[in-house]
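Just so you know, the sequences run in chain order A and B.
Counting in this note's numbering, the first sequence runs from 1 upward without gaps.
Counting in this note's numbering, the second sequence runs from 1 upward without gaps.
For reference, the structure discussed in these notes is given below.
Protein chains: 2
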Amino acid sequence: MATFTYRISRKVYKVKGSIWIENDDVAFIGSGRIHLLEMIKKHGSITLAAKALKMSYRQAWELVNSMNTQSAKPLIATSAGGAGGGGTRLTNEGEQAIKQYRALQKRFHLFNARESRKLKL
Amino acid sequence: MATFTYRISRKVYKVKGSIWIENDDVAFIGSGRIHLLEMIKKHGSITLAAKALKMSYRQAWELVNSMNTQSAKPLIATSAGGAGGGGTRLTNEGEQAIKQYRALQKRFHLFNARESRKLKL
């Protein structure tokens, strides 16, 4: 038995968006900055993180500086020299920022999926 | 009796975002386009709506064209000449688009307010 499906071409509408956190009306963290924090965590270096994201060191440094100066405690700490050769690492605040932003983003995606189903266009 | 309030300077973090509706991964309506529809409704003219929003007629026309061609039925209808001198008006679909987007945006603002209260940064 053959089954024939007649499907009227139908537009598929979806709710999309972007979400970020502001601090006194100034951008604090959003998708791009969180990705940078994740790359710094992975590589232990702003230089390598910038390369991985195809941005200049200066640009990456400015984003880190913006986050660090806005936060009560820095999100990124840099130690110079020493036995381990120094390096850049996320502080507890940096880890918290990633965790909270990713959880927020997940809830936002659920919100968008629910809203997409409600659309009658 | 004097009341002294000691308030530690505290950062106020807020969740902000933007939201839009896509149609097969192409922008269909967002905040700017909805504002344009509202101005067209108010003024009955693309030219006057464009002026009110400080955009060129061409830009406004292209946005209207993008919405009209993506939608199963046009959001904006233009009638030429006649006793009333013709004009541009919103169709039922245009009215629906405004209504649904504004309701979606309201729920999104509530989502952001709830999420802002959850932040621990």
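By construction, the Cβ of each residue, glycine as well, lies at the ideal position given by its N, Cα and C atoms.
When we look at the beta-carbon of residue i and count the other beta-carbons within 10 Å, is it buried (16 or more) or exposed?
i, result
"S56/B", "exposed"
"I19/B", "buried"
"S71/B", "buried"
"E62/A", "exposed"
"A103/B", "exposed"
"A80/A", "exposed"
"Q59/B", "exposed"
Could you spell out where the alpha helix (DSSP H) holding residue i opens and where it closes?
i, result
"L122/B", "With chain B covering only 1 through 121, there is no way to say anything about residue 122/B."
"S116/A", "N92 to K118"
"G32/B", "S31 to H43"
"K51/A", "I46 to A52"
Do residue j and residue i come within 7 Å of each other at the CB atom, strictly closer than that value?
i, j, result
"T91/A", "I46/A", "no"
"G17/A", "G17/B", "yes"
"A97/B", "I29/B", "yes"
"K73/B", "E93/B", "yes"
"L75/A", "N65/A", "no"
"A15/A", "S116/A", "According to the sequence shown, residue 15/A is Val rather than Ala. In this structure, S116/A lies closer than 7 Å to V15/A by Cβ."
"N23/B", "Y13/A", "yes"
So the beta strand (DSSP E) residue i belongs to, where does it begin and stop?
i, result
"A80/B", "Run containing A80/B: none; DSSP gives neither H nor E here."
"K16/B", "Y13 to N23"
Do the stretch 31 to 51 of chain B and the stretch 21 to 37 of chain A meet, that is, are 3 or more Cβ pairs less than 8 Å apart?
-> no
Within 9 Å of chain A by C-beta, residues of the stretch 70 to 100 of chain B in sequence order | Q70, S71, A72, E93, Q96, A97 and Q100
Give, in chain order, every residue of the stretch 7 to 31 of chain B whose Cβ lies closer than 7 Å to some Cβ of chain A.
-> K11, V12, Y13, K14, V15, K16, G17, S18, I19, W20, I21, E22, N23, D24 and F28
Just checking, does the stretch 103 to 117 of chain B make contact with the stretch 94 to 113 of chain A on the three C-beta pairs under 8 Å criterion?
-> yes
Using a beta-carbon distance cut-off of less than 8 Å, what residues from the stretch 35 to 49 of chain B approach chain A?
-> none
Residues, ordered as in the chain, of the stretch 107 to 118 of chain B that lie near chain A by beta-carbon distance below 9 Å = R107, F108, F111, N112, E115, S116 and K118
Identify each residue in the stretch 54 to 69 of chain B for which the Cβ-Cβ distance to at least one residue of chain A is less than 7 Å, and report them in chain order.
-> none
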